[in-house]
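*Asks:*
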Amino acid sequence: MSLRILAALLIALLGRLDGATTPADADRFVRAEGTALTRAGKPFKAAGFNQPDLFGAILQDDVKGRAKSFAAIDDASRSGVRFLRFWASGFWPNEMKLYLTDKPAYWARMDDLFRHARERDVMLVPSLFWMSNLWPDLCDEPRNKIADPSSKTYQAMRAYATELVTRYKDDPNVLMWELGNEYFLEADLNASDRPKADGAGSKRLGTRPVRKVDDSLTTEMLLSFYTKMTASIHAADPNHLVTSGDRGPRPTSRSLRESFPKQVWKGDTLEEHLTSLRNSQPRPLDVMSIHCYGNLDGGYLPGEESTLGLKSVGGLSLRGMELISAFARTANAAGMPLFVGELGQHTPHMNDDPEARFACAAIDLAEKEGADLIAMWVWHFPPHPKYNVTGSTYPALLKKIREFNARHAHGEKSQTQQPR
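Going by this note's numbering, the first residue of the sequence shown is number 5, and it counts up by one from there.
1) Check whether the Cβ atoms of S154 and A195 sit closer than 7 Å, and answer yes or no.
2) Considering just the uninterrupted stretch of the alpha helix (DSSP H) at E262, what are its terminal residues?
3) Can you give me the C-alpha to C-alpha distance between K315 and N148, rounded to a whole angstrom?
4) Within its chain, find whatever has a CB closer than 8 Å to the CB of P255; leave out the 5 residues flanking it on each side and keep chain order.
5) Once DSSP output is grouped into helix, strand and coil, what is the label at K49?
6) Given F331, which residues of its chain have a CB within under 6 Å of its CB, disregarding the five upstream and five downstream residues?
7) Look up Q349 in the DSSP assignment and give the residues it is bridged to.
8) Here's the rule: buried if 16 or more other CB atoms are within 10 angstroms of the residue's CB, otherwise exposed. What is G345?
9) In this structure, does DSSP put G184 in helix, strand or coil?
10) Shortest alpha-carbon distance to A121 belongs to which of D301, A201 and L88?
11) Would you mind working out which of P47, A51, L245 and G69 sits nearest K403, comparing C-alpha positions?
12) Can you tell me where the alpha helix (DSSP H) holding M354 begins and where it ends?
13) Could you check which residue in D125, L128 and L63 has the C-alpha nearest to that of D106?
14) Using the C-alpha atoms, what's the distance from D31 back to R43?
15) Would you report the Cα separation of S257 and S280, rounded to the nearest angstrom?
16) Does A413 come out as helix, strand or coil in the three-state DSSP assignment?
17) For Y426 versus G348, is the C-beta distance shorter than 7 Å?
18) A201 and R215: beta carbons closer than 7 Å?
19) Per DSSP, T225 forms a beta bridge with which residues?
20) So what does DSSP say about N54, is it helix, strand or coil?
21) V217 to I378, Cα distance in whole Å?
22) The beta strand (DSSP E) with S83 in it runs from where to where?
23) Taking only beta-carbon positions, decide if D141 is within less than 7 Å of chain D.
24) May I have a chain-ordered list of the alpha helix (DSSP H) segments no shorter than 4 residues that lie completely inside the segment 121-194?
25) If you draw a straight line from the alpha carbon of R82 to that of K49, how long is it in whole angstroms?
Below, the structure is given as structure tokens:
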């Protein structure tokens, strides 16, 4: 055998051991085709859960956190849960010390998490920048710098995203990447009105002292950030889709946008609100994201109000299921698949409703309206006891999720090896 042929064989072998993608593996990435998702040439929909500190627990305590997170993955695999959404970093600045001081150790912990999920055939939706103040606080800059490509903050965020997505770009067990968590709820809010928001002034957390007006994020800034960061992620990883992680705009989105930096809280009409939703998800984002928490009857407890004291958007209850239909149809009109990234039940909360009636009905409605991905809130997360689900609780809900995935989530186990 010639040295040239031997070298070629060695390169091919090493590529497989390193996690390089074969043609068969390449077909297993989730794709967006118009308003639908596909995988391996078949329509693909999936139901999963949020497990927010899946990586954060390991980052904070390698031994106990690993046991906790791996148990959550194992339980998800047994229970027919197709994917888990989580923050793929520390939550507070001081939780990023390992990344800043020992990157190989940091990425080794991430590698172990991804490997375990892959072995259990539980897909992942890693949220790259869950906490919008994390990187500005780390870089000691105001939050509006996330939209400034020349800033230390933006450059640090792009570097982190590039490291992460490049590391796992050949892993089809990654369902898609997510930018952050509910950024458009912050759109056009004057941050100086909440000077101690997001842990400001905490030495324990490592946050900046106070929030000022330049910590505000306007609609224009967020659209710029989404567009530029998504393009950067696509350049580093052409295999995976990107979604925003948004809940949807506030029910006063138009008046806030037009009055900033003043704060005018005038309720949107339904047309204004859905236009704001559609415009908040610019290309090159691949998948529209919404979050929904509600009640079967759409009603409120006596004295209960939404975040802004509003109970409706253009006449549709913020706590009912009508908005699921409206949002799903907006995604369809925009030509985008839909990710219901958080679906949760209020009044009664699930701990008072073993049948999880709203959650089950909302899954049925989302499926009927064509939603592609649904992530319930929340899996193996004791800090939220009113919503917390495990494989031994809420059998009606878990049955609903298993049946949804049996109909839609084609998921024979991937043979891809551990990426570098």
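Beta carbons: idealized from backbone N, C-alpha and C, even for Gly.
*Replies:* Put simply:
1) no
2) S257 to S263
3) 30 Å
4) G271, D272, H277, S310, L312, L314, S316, V317 and L322
5) coil
6) I294
7) G298
8) buried
9) strand
10) L88
11) A51
12) Unbroken run through M354: none, as it is neither H nor E.
13) L63
14) 7 Å
15) 7 Å
16) coil
17) Any answer about residue 426 is impossible in this case: the structure gives the chain only from 5 up to 424.
18) yes
19) Here residue 225 is Met; the residue named in the question, Thr, does not match the sequence. Per DSSP, none; premise fails for M225.
20) strand
21) 35 Å
22) That residue, S83, is in no beta strand (DSSP E); its alpha helix (DSSP H) goes D66 to S83.
23) The displayed structure is made up of one protein chain only, and chain D is not part of it.
24) 138-142 and 156-171
25) 19 Å
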